[in-house]
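In what follows, a single structure is set out as structure tokens and then discussed.
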Amino acid sequence: MSTLFHSAKTCNYVVLHCVKDFLWNKCKILVIGAGGLGCEILANLALTGFKDIHLIDMDTMIMIDISNLNRQFLFRPADVGRPKAIVAAEHVMKRVPGVKVTSYYGKIQDKGDDYYLQSNLVICGLDFVEAYGDTEGFKGQARVILPTRSSCFECSLDILNKPTTFPICTIANTPRLPEHRIEWASVLEWPHTRGGQSRWTSHCSKRNSILMILSTSDGCIRLQQQFKIEGVTGSLTQGVFKNVIPAIASNNAIIAASSCNEAFKIATSSAAYLNNYFMLIGTEGTYSYTFEHEKRDHCPVCGGEALEMSIMISRDWTVEQLIELLTEKQNIQIKKASLATPEKPIYFHQPPQLEEATRPNLEKRLRSVVHVAKSRCASPI
Numbered sequence: 001m002s003t004l005f006h007s008a009k010t011c012n013y014v015v016l017h018c019v020k021d022f023l024w025n026k027c028k029i030l031v032i033g034a035g036g037l038g039c040e041i042l043a044n045l046a047l048t049g050f051k052d053i054h055l056i057d058m059d060t061m062i063m064i065d066i067s068n069l070n071r072q073f074l075f076r077p078a079d080v081g082r083p084k085a086i087v088a089a090e091h092v093m094k095r096v097p098g099v100k101v102t103s104y105y106g107k108i109q110d111k112g113d114d115y116y117l118q119s120n121l122v123i124c125g126l127d128f129v130e131a132y133g134d135t136e137g138f139k140g141q142a143r144v145i146l147p148t149r150s151s152c153f154e155c156s157l158d159i160l161n162k163p164t165t166f167p168i169c170t171i172a173n174t175p176r177l178p179e180h181r182i183e184w185a186s187v188l189e190w191p192h193t194r195g196g197q198s199r200w201t202s203h204c205s206k207r208n209s210i211l212m213i214l215s216t217s218d219g220c221i222r223l224q225q226q227f228k229i230e231g232v233t234g235s236l237t238q239g240v241f242k243n244v245i246p247a248i249a250s251n252n253a254i255i256a257a258s259s260c261n262e263a264f265k266i267a268t269s270s271a272a273y274l275n276n277y278f279m280l281i282g283t284e285g286t287y288s289y290t291f292e293h294e295k296r297d298h299c300p301v302c303g304g305e306a307l308e309m310s311i312m313i314s315r316d317w318t319v320e321q322l323i324e325l326l327t328e329k330q331n332i333q334i335k336k337a338s339l340a341t342p343e344k345p346i347y348f349h350q351p352p353q354l355e356e357a358t359r360p361n362l363e364k365r366l367r368s369v370v371h372v373a374k375s376r377c378a379s380p381i
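According to full-length UniProt numbering, the stretch in the sequence shown is residues 1 to 381, in order.
Okay, structure coming up:
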């Protein structure tokens with residue numbers, strides 16, 4: 001039964017009391033991320049009528065930085081150095097009376113299924129493609145995912161190019177890759193170590209300057225000690241010179257508004273919700289497109305069928321080489337593959353005890369661990 005009545009004479013919509021009661025008193029909505037998108041989403045939800053909002057943002061490395069203040073409008077200069085999730089919750093509750101924002105200051109992996117199942121809706125507002133409702137420079141997307149009914153995010157990973165750019169927030173707060181270290185030195189550390197000096201006259205001088213900063217700067221040394229990132233080379237440094245994603249405040253606002261609009265429609269049944277993929281491209285003008293993304297039968301998350309693949313490999317390869325090949329396959333999008341035959345495990349990256357037990361197999365030749373024509377590849381546990 002519809003939760004809305006429509007009067008043909010007055011064109012007024014009368015909302016049932018049960019809808020208001022659900023929205024104000026019963027609906028729990030979880031927001032993942034308290035950055036540029038997260039701030040917009042929190043404000044929109046609070047002003048839309050959601051009263052019970054839960055917010056989760058990453059662990060102790062995510063602190064408010066001075067560079068956040070131009071687009072993450074819930075934060076003030078006095079908040080620099082404090083956790084984003086906690087400060088965002090405080091500001092929303094202060095500005096919108098009656099709204100309760102429960103913040104969690106930690107990794108999303110630390111929470112079990114029960115934590116996520118208590119929410120009626122989940123909005124994911126992050127700035128990198130692997131996590132998603134997201135923005136990336138002048139591009140953005142909003143999606144409606146209904147578990148088991150619509151395509152999941154995993155279904156669409158094969159249509160995305162591997163990212164070659166790095167969000168500035170990630171570089172500043174949670175560097176994880178050698179590329180992040182290089183950009184951290186180039187974008188954030190250079191002004192502190194060289195002042196007003198001209199940065200470089202050529203790609204070669206830039207590469208050499210960045211490598212020198214990485215090895216001598218106190219800030220870069222502290223970064224290395226904190227995050228344990230290895231693998232910075234001269235060729236890699238030259239390869240990432242132009243790979244920083246700008247954070248566009250207006251783009252965040254558009255995607256956040258779209259996401260919150262869909263959340264409101266689902267919670268109240270006030271209108272048909274998005275079916276099911278909205279794209280925004282602002283690199284040349286403003287262009288948006290909405291389409292239905294279909295489920296993949298072989299999706300490892302929501303698909304009901306197993307995916308069979310034929311790949312050419314040598315039995316002289318090591319297990320580690322095979323895993324590297326699988327992680328590069330765009331159509332399966334496995335970051336940390338686990339391998340097993342029907343008879344025995346070969347390598348499992350989780351749990352830690354099993355990873356430690358199977359780690360020696362990484363250096364073994366395939367011919368010594370696989371005695372059948374087929375092996376099973378398990379997606380991340």
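Positions of the beta carbon are idealized from the N, C-alpha and C atoms, including for glycine.
All figures in this text were calculated on a predicted structure; none of them were measured in a lab.
Proximity below 8 Å, CB of residue i to CB of residue j
i    : j    : result
I56  : A46  : no
E324 : E363 : no
S103 : I29  : no
V92  : V101 : yes
V144 : N276 : yes
E262 : A142 : yes
I266 : L121 : yes
Local Cβ density within 10 Å of residue i, reported as buried at 16 or more and exposed below that
i    : result
F291 : exposed
C169 : buried
K228 : exposed
L274 : buried
E183 : buried
M58  : buried
K84  : buried
E189 : buried
E40  : buried
N25  : exposed
Q353 : exposed
G35  : buried
L146 : exposed
CA nearest to the CA of residue i, picked from the options
i    : options                   : result
Y105 : M63, L16 and I221         : M63
I108 : L126, G98 and V99         : L126
E284 : T268, T358, C220 and G137 : G137
E308 : H298, D316 and S314       : H298
I32  : S310, Q225, Y115 and A357 : Y115
R365 : P351, I334, I346 and K20  : I346
I311 : K295, E328 and R296       : E328
L280 : L42, K51, R95 and G140    : G140
beta-carbon residue i near the ligand SAM non-hydrogen atom, thresh 7 Å
i    : result
W317 : The ligand SAM is not part of this structure, which contains no ligands at all.
Integer-rounded CB distance, given that residue j should sit under 8 Å from residue i
i    : j    : result
L223 : P178 : With a Cβ gap of about 12 Å, L223 and P178 do not count as contacting.
F278 : S258 : 6 Å
L37  : N252 : 5 Å
N44  : C260 : 4 Å
K313 : L326 : The question names Lys, but residue 313 is Ile in the sequence shown. Going by Cβ atoms, the distance from I313 to L326 rounds to 10 Å, so no, they are not a contact pair.
Beta carbon proximity, residue i to chain C, threshold 8 Å
i    : result
E356 : Note that chain C does not occur in the displayed structure, where there is just one protein chain.
Touch test, the segment 292-303 against the segment 152-160, Cβ-Cβ under 8 Å, three pairs minimum = yes
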